[in-house]
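Mapped onto my numbering, the consecutive letters of the sequence shown carry residue numbers 8 to 408.
We put the CB at the ideal spot given by N, CA and C, even for glycine.
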Amino acid sequence: MAGFVGGTGTSYPVAGTQLGLALETVRGTLESAPAYMFPVREPKYEPMQAYIPDQTLQGSAVKTYDEVLGMRYDKHGWSSYPYLDSFPLLVIGELGSTDTLVTAIAATTLSSAATAGASTVSLTGTVAAGDWITFGTYPTLETHLVKSVTGAGPYVATLADPVVFAQASGAAVTGLTGHKMSLLNTGQMQPPSLSLWDNDNEQWRTMTACQLDELTIKGNATGMVESTVTLLGNPAVNNATAPSVSYTGTRAPAPWTFGFQLGGTQLTTVEDWEISFKRSTKEVPAVTGTQEYFQYFADVLDVSGKLTFVEQSGSPYLANYLNGTEESIDFTIFDMKAGGALNIHSTEAFFTVGSLERGSEYVKVPITFDPMPTSTDALAGGVSPVLVQVANSVTTQYWAG
């Protein structure tokens, strides 16, 4: 008697996973190659194939006689860390505006020693408000946004976040290119779509017209800063030609590089944090002659966040919630290897939910906040709840529209 054959004897390790993305010049048309390969964790590809039941009456006591293929879209998602050379593609795919460049300053030096915790540094070269600078060498390299400048030779730069490490006089200062992005409120108000390449180690698949649905960034003091992504797009094409694969050497930001500012004042009492961008992206059906949906429609942007504070005297964070205090908020992280940085800013934000938590040895204050839209944070018409900036060594626009 022939033995049972349970399979081909082949399995595919997930370690062979590769994923790349590129913003699409023409929506729904595959780009020639990924702009960046994205290191990912736990990717999940999910074909959303609809089946339409034939539930006619045909003389038997059954409900469904057949299943007919209906329309299909595909979902994809993963978790990772915000690598700051490629992360702007996700921000633009979620918010939609073009990339506003801030040109990097010429290399210069510190004209005097910088003290850890200081809010200013002195530079020999020209610098202006809105510039990004990095100084020090790994593992004491740090990146800063310049808030204001006084003097001229030396230039005294007030930093958005305090100096982390003591730096010697004469230390090299490098300029980074800034990339500013916000909510798109012009035209059809739709963020650009993306092409996706996905190798599960068995075959390559490509998806086009990918529209971001959710983008979340979160962190705490002891673990890696994490990001999660979900998107919708056209049905994947299997056995696609493998693209040229190359990963950059950019390092994920260390968790302790996170800085939180409330009303322009840095607070060091945040235990964990999260900010979430949601578009409630929907597949739009139409009779197109194919199984593909007509469009993947990004709805209005919903931004919310969570913070857990260590309770302080007078319970100031709970008081802000109870008093309806509206203040600016800033989240900043930086890459201490390559010098890149990410800043998420909202000019006006409310604490909308608050409580005192006593489930551990010390009192905590979990807070939920909502950034409010302002024209101050808008780069592409109307108002925007956030202004996102990324500083890195990429000197060209990620998206020019």
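If you compare the alpha carbons of V294, V21, A125 and D81 with that of E209, the shortest gap goes to V21. With a minimum length of 4 residues, the unbroken runs of alpha helix (DSSP H) contained wholly in the stretch 88 to 176 fall at 94 to 102.
N245 sits in a strand when the DSSP states are folded into three classes.
Within the same chain, Cβ atoms closer than 6 Å to the Cβ of F358 are found at N327, Y328, I374 and F376, the five residues on either side in sequence being excluded. Secondary structure note for P323: it is in no beta strand (DSSP E), and the uninterrupted alpha helix (DSSP H) holding it is P323 to N330. DSSP links N399 through a beta bridge to T184.
Annotation note: the stretch 199 to 268 contains the following uninterrupted beta strand (DSSP E) runs of length 3 or greater, listed N- to C-terminal: 201 to 206, 211 to 227 and 233 to 240.
When the Cα atoms are used, P95 and V109 turn out to be separated by approximately 14 Å. For the pair S234 and V395, the Cα-to-Cα distance works out to about 15 Å.
Here L102 really is in contact with M188; their C-beta atoms are around 5 Å apart, less than 8 Å. One Cα belongs to V47, the other to L274, and the distance between them is close to 31 Å.
Going by DSSP, F376 is part of the beta strand (DSSP E) stretching over K371 to M379. Relative to T402, the option among I112, G158 and E53 whose CA is nearest is I112. For R34, no beta strand (DSSP E) segment is defined, and its DSSP state is neither H nor E. With fewer than three CB-CB distances shorter than 8 Å, the stretch 222 to 236 does not count as touching the stretch 131 to 150.
Annotated as proximal: F341 and G347, with beta-carbon spacing under 8 Å. Annotated as distal: M44 and G23, with beta-carbon spacing of 8 Å or more. Ranking R212, D279, G266 and T272 by CA distance to the CA of T248 puts R212 first.
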